[in-house]
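The numbering used here applies: residue 25 is where the sequence shown begins, and numbers increase by one. Glycine residues also receive a C-beta, built at the ideal position from the N, C-alpha and C atoms. What you are looking at is a predicted structure, and each value in this text was computed from that prediction instead of being measured.
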Amino acid sequence: MIMTDYKNIWVIVEFKKGKVRSVSFELIGIAKELAGKLNEKVCVALIGNNVSNFCEEFSYFGIAEIYICEDAIFEEYLTETYSSILIDLVKEYTPNMILYPSTKFGKDLAPRIAASLETGLTPDCNNIDIQDGNVVYTRSVYGGNYYVDIIIPSNRPQMATLRSNIFEKSGKIEKNNPKIINFPVNIEFNKLSTKVIDNIETTISHEKPIDEANVIVSGGRGIGSKENFKIIDNLAEVLNAAVGASRAAVEAGWISKSCQVGQSGTVVAPDIYIACGISGTIQHLVGMKSSKKIIAINKDPSAPIFEFCDYGIVGDFKTIVPLLTEALKERLSQD
C-alpha cells in the first residue's frame, strides 16, 4: 500500500466499570482538531462486551465511523485478545493515525500494536499539531526538562499515546448518524495463553489512581520521610482522596512513581488539590494547574506555590494536617 491509502484518525476508546473514561473525550477533541487540518474523518474503535450500547452516546460528537469489536471474550482486558482484534481491524481499514490514552491500558496496548504493524509510536504526548503537512508529536524528555518534536514520515498508521488532563474534551454537538461497522470476532477462549482470575480494587489511598481523582492530597520534599507520609494518608482516607507526590518525594523513595504529579509524572485536574510540603517547581505546577481549587501548606512563606494556590497556610504540615484531619472527621460524622 502507498501512504495516501491510509485515511482517517482513530481513537481507541477506553472503558472502566462499564463507562467511557473521560480521557477518551480528550482524544476525540484533539482528533477532531487534527482531522479538520488534514481533511480526514474521526473514527472510534469500541472493544469490549456490550459496547454497541455506546453508539448512541458517540453520535453526539461528530464521529464519522464507529468500529465495534464486541464479544464476551473482551469482558476483561487482556493484551492478547485486544491486540489480536485491533491488529486485524487496522489491517482491514488502514487508518492514517491511531490515538490511545496514556493510561495503563494504552501504554500496554499501543506498543504491541506498533511492533506488530512495524510502525511508529510516540508515547506520552502533551501536544500534537500539523506543520508543513506532517503530524508533529511533542513530548517531554529528560525528566521534563526538555521537549522534543517527533514526526513519523514513512510508516503508517502513525500512533501516539496522549496524556490525560491536557487536551480539551470534545463537547456534544448536534446528533449525527455515524456509520457503524461490526467487525467479526474469531478468537477462541480455550486457545488463549492468559486469563484473568480476579480483579481486586485497592482501598489504600496511595494506591488509588490519581489521573481521575476528584480530591488529591500530595506530599513533597517537606514531608521529610516515608513515615511522615502516613499523615498524608490519614487525611486522604478521611476525604476519600488519592495520594499524590512531588518528584522529589518519589526520588527520595518515600512513595511510588505512580503517585508522582507533574510534567514528568501524571497530569491531574481534581476538584481539590492539597499540596503539603511542596515548594512549587514549574514541573510540578504544570502537572496540577488545572485543579479547580489548590490548597497549599508549607512552612516557608516564600514558597512559589503560594503565588499559585487559592488558599495558603504557612506552617508545619505535621501540626496542621492532623488538626485538619480530626476537624474533618468530626464534621463528616455529623452529616
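Original post:
How would you label M25, buried or exposed, when you count the other beta carbons within 10 angstroms and need 16 or more for buried?
Top reply: Within the sequence shown, numbered from 1, the residue matching residue 25 stands at position 1. So M25 ends up on the exposed side.
- Message: Extract the residue ranges of the beta strand (DSSP E) inside the segment 192 to 255, only unbroken runs of 3 or more that lie entirely within it.
- Response: 203 to 206, 239 to 243
*How big is the Cα-Cα spacing for K56 and N151?*
Residue mapping note: residue 56 aligns to position 32 of the sequence shown, counting from 1. Residue mapping note: residue 151 aligns to position 127 of the sequence shown, counting from 1. If you take the alpha carbons of K56 and N151, they lie about 14 angstroms apart.
message = Would K317 and I296 be called neighbours here (beta carbons separated by less than 8 angstroms)?
response = Mapped onto the sequence shown, residue 317 falls at position 293. Mapped onto the sequence shown, residue 296 falls at position 272. For K317 and I296, yes; Cβs fall inside 8 angstroms.
query: Under a three-way DSSP split, which group does E142 fall into?
result: Looking up residue 142 in the sequence shown gives position 118. Under the three-state reduction of DSSP, E142 is assigned to coil, being neither helix nor strand.
By Cβ distance, which residues of its chain are closer than 6 angstroms to I36, with the 5 residues on each side in sequence left out? Here residue 36 refers to the residue found at position 12 when the sequence shown is read from its first residue. Counting only Cβ-Cβ distances below 6 angstroms, and skipping sequence neighbours, we find A69, Y124.
message = Tell me which residue opens and which closes the alpha helix (DSSP H) that T103 is part of.
response = Residue 103 sits at position 79 when you count from the first residue of the sequence shown. Unbroken alpha helix (DSSP H) run through T103: 103 to 117.
Review point. Just checking, does the segment 94 to 109 make contact with the segment 129 to 137 on the three C-beta pairs under 8 angstroms criterion?
Key: Cβ pair count under 8 angstroms is three or more, so yes.
Taking only three categories from DSSP, how would you classify K43?
The residue you call residue 43 lines up with position 19 of the sequence shown. In this structure, K43 counts as strand in the three-state DSSP scheme.
Problem - Three-state secondary structure (DSSP) of P346 - result: As a position in the sequence shown, residue 346 is number 322, starting the count at 1. Of the three classes helix, strand and coil, the one that applies to P346 here is helix, per DSSP.
- request: Please state if the CB of V159 and the CB of I137 are separated by a distance shorter than 8 angstroms.
  value: Against the sequence shown, residue 137 aligns to sequence position 113. Against the sequence shown, residue 159 aligns to sequence position 135. Cβ distance not < 8 angstroms, so I137 and V159 don't count as in contact.
Assuming C333 is part of the alpha helix (DSSP H), what are its boundary residues? By 1-based counting over the sequence shown, the position of residue 333 is 309. Counting along the chain, C333 falls outside any alpha helix (DSSP H), and DSSP gives it neither H nor E.
| query | At which residues does the beta strand (DSSP E) containing G268 begin and terminate? | reply | Indexing the sequence shown from 1 puts residue 268 at position 244. Unbroken beta strand (DSSP E) run through G268: 266 to 269.
### Every unbroken beta strand (DSSP E) inside the segment 43 to 75 [3 residues or more]
Entirely contained in the segment 43 to 75, the beta strand (DSSP E) runs reaching 3 residues are, in chain order, 66 to 72.
Output yes or no for whether 8 angstroms exceeds the beta carbon distance between G304 and C283.
In the sequence shown, the residue the question calls residue 304 occupies position 280. In the sequence shown, the residue the question calls residue 283 occupies position 259. No; because the gap between Cβ atoms is not below 8 angstroms, this pair is not in contact.
*asked:* Within a Cβ cutoff of 8 angstroms, which residues of the same chain sit near K31, ignoring the five residues on either side of it in sequence?
replied: Taking the first residue of the sequence shown as 1, we reach residue 31 at position 7. Exclusion of the five residues before and after K31 leaves E64, K65, T118, P119, N120 as the residues of its chain whose Cβ lies within less than 8 angstroms of its Cβ.
Strictly by DSSP, which residues pair up with I318?
Residue 318 sits at position 294 when you count from the first residue of the sequence shown. Among the bridge pairs identified by DSSP, I318 is matched with Y297.
(request) State the DSSP-derived secondary structure class of C28, mapped to helix, strand or coil. (result) Against the sequence shown, residue 28 aligns to sequence position 4. The sequence shown places Thr at residue 28, not Cys. Reduced to three states, the DSSP call for T28 is helix.
* **Sufficient close CB pairs (3 or more, under 8 angstroms) joining the segment 42 to 54 to the segment 78 to 97** => Judged by Cβ distances under 8 angstroms, the segment 42 to 54 makes contact with the segment 78 to 97, as three or more pairs qualify.
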